[in-house]
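Here the structure comes first, spelled out in structure tokens, and everything after it is commentary.
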Amino acid sequence: WALQRAIAKQTGTSGLRLSELATQVNNGLPAFAINATTVETGGPLVFSTAAFRGAAANRAGIKDFREVFGVSDIDVATAVRLSASFPYVSPAARSWVYDPKVHFVDGGYYDTYGMVTTMAWLRDALDQGGQPLTKKKVLILAIDPFPEKTNDSAAKPQTRDWPYQLVAPLLALYDARDHGQSARNNVELEVLPKAVPGISLLTVKFRF
């Protein structure tokens, strides 16, 4: 509750509903998607001003907020808070009205970089009902606040006391998640131009 209020205040979105922004997409406002992760399935839930109901989104297991709850509205600050929660600090959230058995946590559990959502949306947007594509240029700006971890074989070996064994599995899960998602993203970016003829893909990364 406190995080959501802070987000709404800092961004000036208090009372702003997702549907209000969706109606402006046809008037030139860029579409956006915000990810959360479903606890019970481990899959992504997307709050977006554009529908996620194409074949690529289905293959990626992406569920659209409207599809799950049968409604089309939510506070923008709520969607942002669901996508940016903190393990243990923020509780797993559920709806008070619609299907309270389903809980949601940070979107980074499934797609910390947002690239799965981006690629699925892009594939479906470029599909155009099977019609041949004219030459299209796609620019992807990736903002990465965390540097990639590398294995430095020259690093001095570290010895750890026995309590390290208690946290080692959790550290491995956490680091494998980021590494696995990063590797998957690189493969997607390499494969997409080959899978969808007629597009030119350029990726620019901004790294802290």
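Going by my numbering, the letters in the sequence shown line up with residues 13 to 220, in that order.
Idealized CB from N, CA, C, for every residue including glycine.
By the Cβ test, the segment 87-100 is in contact with the segment 116-134, since at least three Cβ pairs between them sit closer than 8 Å.
A straight line joining the alpha-carbon of Val101 with that of Gly82 spans about 29 Å. Listed as beta-bridge partners of His115 by DSSP are Arg106.
Between Gln16 and Thr129 the beta-carbon gap is near 22 Å, outside 8 Å, which marks them as no contact. As DSSP reads the structure, Arg219 sits in a beta bridge with Asp156. With fewer than 16 neighbouring CB atoms inside 10 Å of its own CB, Asn70 falls in the exposed class. For Pro205, the enclosing alpha helix (DSSP H) stretches over residues Tyr176 to Ala207. Within its own chain, the residues whose Cβ lies closer than 6 Å to the Cβ of Ile74, once the five positions on either side in sequence are excluded, are Pro56, Val58, Phe64 and Ala132, listed in chain order. Sequence-distant Cβ neighbours of Ala48 in its own chain, meaning closer than 6 Å and more than five residues away, are Leu57, Leu94, Ser95, Phe116 and Gly119.
Our two residues, Gly210 and Ser107, have alpha carbons roughly 42 Å apart in a direct line. Secondary structure note for Ile46: its beta strand (DSSP E) is the uninterrupted segment Ala45 to Thr50. DSSP places Val58 in the uninterrupted beta strand (DSSP E) bounded by Pro56 to Ser60. In this structure, Asp123 and Lys217 do not form a Cβ contact; the two beta carbons are roughly 17 Å apart against a cut-off of 8 Å.
By the Cβ neighbour-count rule, Val88 is buried, with 16 or more other Cβ atoms within 10 Å of its own.
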